[in-house]
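What follows is a set of notes on a single structure, which appears directly below.
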Amino acid sequence: MKFIIVLTFCMVAVVLAQEKYDTIAEDFNVSELLANERLLNAYAKCLLSKGPCTAEVKKVKDKLPEALATRCAKCTDRQKQIGKQLAREVKRTRPELWNEIVAFYDPDGKYQEAFQDYLKP
């Protein structure tokens, strides 16, 4: 009986460890967003709680604090790739927007080291 209980806990642990965010933004076209200033501003306003959100961006916004806190542990490889590309480009081309997003989601700077590791090539 103890073996079955231990085995059950092990199976639950494996399932939880494999839990990933659903297919949020997996088919997202990063280049299209970066090339469209109006769309980028609309997404930024949503993320910063300054404007309305589309359903898809709202999903990302809702998961962003957890993703930051867990170093994107539940992100798929594609989600990580998209996040890195977006973060690098916004940081490079729109530093004022980047700083505003960082200040909004990490006002105490507690995720800075983790985020710098995440952005490494």
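The opening position of the sequence shown corresponds to residue 31 in our numbering, with each subsequent residue numbered one higher.
Beta carbons are placed, not taken as given, at the ideal position from N, Cα and C, and that holds for glycine.
Note that the structure is predicted; figures quoted are calculated from it, not measured.
Can you tell me which of 146, 52, 100 puts its alpha carbon nearest to the alpha carbon of residue 90? Position 60 of the sequence shown holds residue 90. When only C-alpha atoms are compared, the closest one is 52.
Length of the line joining the Cα atoms of residue 106 and residue 82: By 1-based counting over the sequence shown, the position of residue 106 is 76. By 1-based counting over the sequence shown, the position of residue 82 is 52. The alpha-carbon atoms of residue 106 and residue 82 are separated by roughly 26 Å.
Going by DSSP in three states, residue 146 sits in which element: helix, strand or coil? On the sequence shown, position 116 is the one that residue 146 refers to. Of the three classes helix, strand and coil, the one that applies to residue 146 here is helix, per DSSP.
Going by beta carbon distance, what residues of the same chain come within less than 7 Å of residue 110, once the five residues before and after it are set aside? For this step, residue 110 is matched to residue 80 along the sequence shown. Excluding positions up to five away in sequence, the list reads 102.
Is the Cβ-Cβ distance between residue 70 and residue 77 less than 8 Å? Position 40 of the sequence shown, counted from the start, is the residue given in the question as residue 70. Position 47 of the sequence shown, counted from the start, is the residue given in the question as residue 77. Their beta carbons are not under 8 Å apart, which means residue 70 does not touch residue 77 by this criterion.
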